[in-house]
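Mapping of the sequence shown onto full-length UniProt numbering: position 45 corresponds to residue 45, and the numbering continues sequentially without gaps. All residues carry an ideal CB built from backbone N, CA and C; glycine is no exception. Data block below; observations after.
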Amino acid sequence: MPVHATRHVRERASAASRGRRRQAKCLPFCRGGVLVTGEPLLKVDGLVKEFPLGRRLLGVGEIGAVKAVDGVSFELARGETLGIVGESGCGKSTVAKTLVRLEEPTAGTATFEGEDIFAMSPKRLRKLRREIQIIFQDPYGSLNPRMTVGDIVTEAWDIHRDTVPRRERKKRAGELLERVGLDASMMNRYPHQFSGGQRQRIGIARALTLRPKIIVCDEPVSALDVSVQAQVMNLLEEIQDDFGLSYIFIAHDLSVVRHISDRVGVMYLGRIVEIGDEKAIYDEATHPYTQALLSAAPNPDPDEAAAAKANRIVLEGDVPNPADPPSGCNFRTRCWKADEKCAEEDPALIDRFGHGHPAACHYAEVRHPVA
Numbered sequence: 001m002p003v004h005a006t007r008h009v010r011e012r013a014s015a016a017s018r019g020r021r022r023q024a025k026c027l028p029f030c031r032g033g034v035l036v037t038g039e040p041l042l043k044v045d046g047l048v049k050e051f052p053l054g055r056r057l058l059g060v061g062e063i064g065a066v067k068a069v070d071g072v073s074f075e076l077a078r079g080e081t082l083g084i085v086g087e088s089g090c091g092k093s094t095v096a097k098t099l100v101r102l103e104e105p106t107a108g109t110a111t112f113e114g115e116d117i118f119a120m121s122p123k124r125l126r127k128l129r130r131e132i133q134i135i136f137q138d139p140y141g142s143l144n145p146r147m148t149v150g151d152i153v154t155e156a157w158d159i160h161r162d163t164v165p166r167r168e169r170k171k172r173a174g175e176l177l178e179r180v181g182l183d184a185s186m187m188n189r190y191p192h193q194f195s196g197g198q199r200q201r202i203g204i205a206r207a208l209t210l211r212p213k214i215i216v217c218d219e220p221v222s223a224l225d226v227s228v229q230a231q232v233m234n235l236l237e238e239i240q241d242d243f244g245l246s247y248i249f250i251a252h253d254l255s256v257v258r259h260i261s262d263r264v265g266v267m268y269l270g271r272i273v274e275i276g277d278e279k280a281i282y283d284e285a286t287h288p289y290t291q292a293l294l295s296a297a298p299n300p301d302p303d304e305a306a307a308a309k310a311n312r313i314v315l316e317g318d319v320p321n322p323a324d325p326p327s328g329c330n331f332r333t334r335c336w337k338a339d340e341k342c343a344e345e346d347p348a349l350i351d352r353f354g355h356g357h358p359a360a361c362h363y364a365e366v367r368h369p370v371a
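Below is the structure:
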């Protein structure tokens, strides 16, 4: 069987597997990006994060600011994976760091089980760390090189002393390492003795120590080889089922996000410009930016390569300076549909067709490929 054919077989099998997993989760359906059935585990509303450009003379006042995140809103159900995708610098990693309070928000709310994360006291925030954990992008820089793997995994139990008795910690750490595909005998080794994929597995084990309900995955496979990416992705899906986790999965690769996500939000210049389930985003995208990203994705089938090339959308110009964004629609300076209305009116992220699939575009529509 040709290589491209085997790839398509794997893709179909992966799609079927995703369908079975989603049915098993019994997730609520969505309308307009909002979960319809049941209360969301996490609700983010109007999240804004600004970074000052500098300070005035004598340190009095600031000289402008960059809106890294500009009014982001979404919901996350129990057991769901929400993918957030976009180009580098679009603000997706800032969303991740703000949700775990590694960055403080400028405005907005993030409600976890009815309580605003951003209004929590330091004491309450300490308890929240048990509920929401993060896996970082860099498997090399996110682990302390002076600590053994055993110490890295058990560190959270030293901080949250009431979670696991001290006499059981070594055993539990070994069990976690084995659950992520590493040998318990490796506990006395240091991070530099492991490959990138193994280090990311250690990061996953660390995130699981407190049995969280949500894990924010901030580009967890982008620094890994393609073959290792698949192994880590499969591991993340397995432990999601085993531990009943919800994921916010951040990436710049649409194919990676598709593999694991129940819903996908597309970000551009600090904003979510389109959000929907897998079919809505990958088969029925209505925002020009989403369509451009999809058209640029490589097609492994040589028989379809010519058609893919004919349908490719080449965006003109560069991403605008976030310190000085264009008026109206942020995407209009690169959009082939842009007109005077786009320069004057900022399009709202709304469901224009009643399909539970909102897009921030005045002229949102499904693009029909050229035959």
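Worksheet entry | Own chain, CB closer than 8 Å to Val366, minus 5 neighbours either side, in chain order | Position 366 of the sequence shown, counted from the first residue, corresponds to residue 366. Contacts found: Glu284, Ala285, Thr286.
Worksheet item: Is Tyr190 closer than 7 Å to Ile215 when the C-beta atoms are compared?
Response: Along the sequence shown, one-based indexing puts residue 215 at 215. Along the sequence shown, one-based indexing puts residue 190 at 190. Cβ distance not < 7 Å, so Ile215 and Tyr190 don't count as in contact.
Discussion item. How far does the beta strand (DSSP E) with Ser246 in it extend, from its first residue to its last?
Written reply: Taking the sequence shown and counting its residues from 1, one reaches residue 246 at position 246. Segment 246-251, the beta strand (DSSP E) holding Ser246.
Discussion item. At the level of alpha carbons, what is the spacing between Phe136 and Leu102?
Written reply: Numbered from its first residue, the sequence shown carries residue 136 at position 136. Numbered from its first residue, the sequence shown carries residue 102 at position 102. Rounded to whole angstroms, Phe136 to Leu102 spans 12 Å at the Cα level.
Discussion item. Three or more C-beta pairs under 8 Å: does that hold for the region 146-158 against the region 116-126?
Written reply: no
Fill in: Member of Glu178, Met186, His362 whose CA lies at the smallest distance from the CA of Trp336
To locate residue 336, count along the sequence shown from 1; it is residue 336. Among Glu178, Met186, His362, the Cα nearest to that of Trp336 belongs to His362.
Worksheet entry | Cα-Cα separation between Thr333 and Leu99, rounded to whole angstroms | Position 333 of the sequence shown, counting from 1, holds the residue named residue 333. Position 99 of the sequence shown, counting from 1, holds the residue named residue 99. Cα to Cα, the separation comes out at about 30 Å.
Worksheet entry | C-alpha distance - Tyr282 paired with Ala251, whole-angstrom precision | Residue 282 sits at position 282 when you count from the first residue of the sequence shown. Residue 251 sits at position 251 when you count from the first residue of the sequence shown. Straight-line Cα distance between these residues: approximately 15 Å.
Item to complete: Return the chain-ordered ranges of every alpha helix (DSSP H) run that is complete within the region 284-333 and spans a minimum of 4 residues.
Response: You should have 288-296, 302-310.
Item to complete: Output the distance between the C-alpha atoms of Val120 and Gly79, rounded to the nearest integer angstrom.
Response: If you number the sequence shown from 1, residue 120 lands on position 120. If you number the sequence shown from 1, residue 79 lands on position 79. The residue you asked about is not Val; residue 120 is Met in the sequence shown. Each residue's Cα considered, the two are about 24 Å apart.
Discussion item. Less than 7 Å between the C-beta atoms of Ile313 and Ala343, yes or no?
Written reply: Residue numbering aside, residue 313 sits at position 313 when the sequence shown is read from its first letter. Residue numbering aside, residue 343 sits at position 343 when the sequence shown is read from its first letter. With respect to Ala343, Ile313 sits apart: the two C-beta atoms are not nearer than 7 Å.
Worksheet item: When the Cα atoms are used, what is the spatial distance from Pro302 to Asn311?
Response: By one-based count along the sequence shown, residue 302 stands at place 302. By one-based count along the sequence shown, residue 311 stands at place 311. Cα to Cα, the separation comes out at about 15 Å.
Worksheet item: From which residue to which residue does the beta strand (DSSP E) around Cys217 run?
Response: For the purposes of this step, residue 217 is taken as the residue at position 217 of the sequence shown. Start and end: 214-218.
Practice prompt. Find out if the Cβ-Cβ distance for the pair Val44, Val257 is shorter than 7 Å.
Written response: What you label residue 44 is simply residue 44 of the sequence shown in a count that begins at 1. What you label residue 257 is simply residue 257 of the sequence shown in a count that begins at 1. Not closer than 7 Å, so no.
Worksheet item: At which residues does the beta strand (DSSP E) containing Phe194 begin and terminate?
Response: In the sequence shown, the residue the question calls residue 194 occupies position 194. Counting along the chain, Phe194 falls outside any beta strand (DSSP E), and DSSP gives it neither H nor E.
Worksheet item: Should Gln240 go down as buried or exposed, given a rule of 16 or more other Cβ atoms within 10 Å for buried?
Response: Taking the first residue of the sequence shown as position 1, residue 240 is located at position 240. By the neighbour-count rule (16 or more Cβ atoms within 10 Å), Gln240 is buried.
Worksheet item: Just checking my contact of Ala359 with Glu274 at CB under 8 Å: how many whole Å lie between their CB atoms?
Response: The count along the sequence shown starts at 1 and reaches residue 359 at position 359. The count along the sequence shown starts at 1 and reaches residue 274 at position 274. Their Cβ separation, rounded to whole angstroms, is 4 Å, which keeps Ala359 and Glu274 in contact under 8 Å.
Practice prompt. Can you tell me the Cβ-Cβ gap for Gly196 and Val228, rounded? I've got them flagged as a contact below 8 Å.
Written response: Counting from 1 along the sequence shown, the entry for residue 196 is found at position 196. Counting from 1 along the sequence shown, the entry for residue 228 is found at position 228. Between Val228 and Gly196 the Cβ distance is about 7 Å, and since that is below 8 Å, they are a contact.
Worksheet item: Does DSSP put Gly354 in a helix, a strand or coil?
Response: For the purposes of this step, residue 354 is taken as residue 354 along the sequence shown, with counting starting at 1. Gly354 falls in the coil class under three-state DSSP.
Discussion item. Assuming Pro122 is part of the alpha helix (DSSP H), what are its boundary residues?
Written reply: Working through the sequence shown from its first residue, we reach residue 122 at position 122. 122-128 is the span of the alpha helix (DSSP H), which, as asked, contains Pro122.
Worksheet item: Under the rule that 16 or more other beta-carbon atoms within 10 Å means buried, what is Gly91, buried or exposed?
Response: As a position in the sequence shown, residue 91 is number 91, starting the count at 1. Its Cβ being crowded by 16 or more others within 10 Å, Gly91 is buried.
Practice prompt. Following the continuous beta strand (DSSP E) through Gln137, name the residue where it begins and the one where it ends.
Written response: The residue labelled residue 137 in the question sits at position 137 within the sequence shown. Where Gln137 is concerned, there is no enclosing beta strand (DSSP E), given that its DSSP letter is neither H nor E.
Worksheet item: Roughly how many angstroms lie between the CA atoms of Phe29 and Val226, to the nearest whole one?
Response: Locating residue 29 in the sequence shown gives position 29, counting from the first residue. Locating residue 226 in the sequence shown gives position 226, counting from the first residue. Caution is warranted here: a pLDDT of 49 is assigned to Phe29, below 50, making its placement in the model unreliable, and the coordinate value is therefore given only provisionally. Computed Cα separation, rounded: 32 Å.
Worksheet item: Are Phe249 and Gly71 close, meaning C-beta to C-beta below 7 Å?
Response: Sequence index remark: in the sequence shown, residue 249 carries index 249 (1-based). Sequence index remark: in the sequence shown, residue 71 carries index 71 (1-based). Cβ atoms of Phe249 and Gly71: not closer than 7 Å.
Worksheet item: In the structure shown, what three-state DSSP assignment does Asp225 receive?
Response: Along the sequence shown, read from residue 1 onward, the residue named residue 225 stands at position 225. DSSP places Asp225 in coil when its eight states are reduced to three.
Worksheet item: If we ignore side chains and look at the alpha-carbon of each, how far apart do Phe331 and Glu340 end up?
Response: Residue numbering aside, residue 331 sits at position 331 when the sequence shown is read from its first letter. Residue numbering aside, residue 340 sits at position 340 when the sequence shown is read from its first letter. Going from the Cα of Phe331 to the Cα of Glu340 covers about 13 Å.
Worksheet entry | The beta strand (DSSP E) enclosing Ser73, as first and last residue numbers | In the sequence shown, the residue the question calls residue 73 occupies position 73. Residues 65-76.
Worksheet item: Expressed to the nearest angstrom, what Euclidean distance is found between the alpha-carbon atoms of Arg263 and Thr109?
Response: Translated into positions along the sequence shown, residue 263 becomes position 263. Translated into positions along the sequence shown, residue 109 becomes position 109. One C-alpha to the other measures close to 21 Å.
Discussion item. Quick check: what's the CA-CA separation for Ile272 versus Val69?
Written reply: What you label residue 272 is simply residue 272 of the sequence shown in a count that begins at 1. What you label residue 69 is simply residue 69 of the sequence shown in a count that begins at 1. Roughly 9 Å separates the two Cα atoms.
Item to complete: Compare the beta carbon distance of Arg166 and Thr154 with 7 Å and say whether it is the shorter of the two.
Response: Along the sequence shown, one-based indexing puts residue 166 at 166. Along the sequence shown, one-based indexing puts residue 154 at 154. It is not a contact, given that the beta carbons lie outside the stated cut-off.
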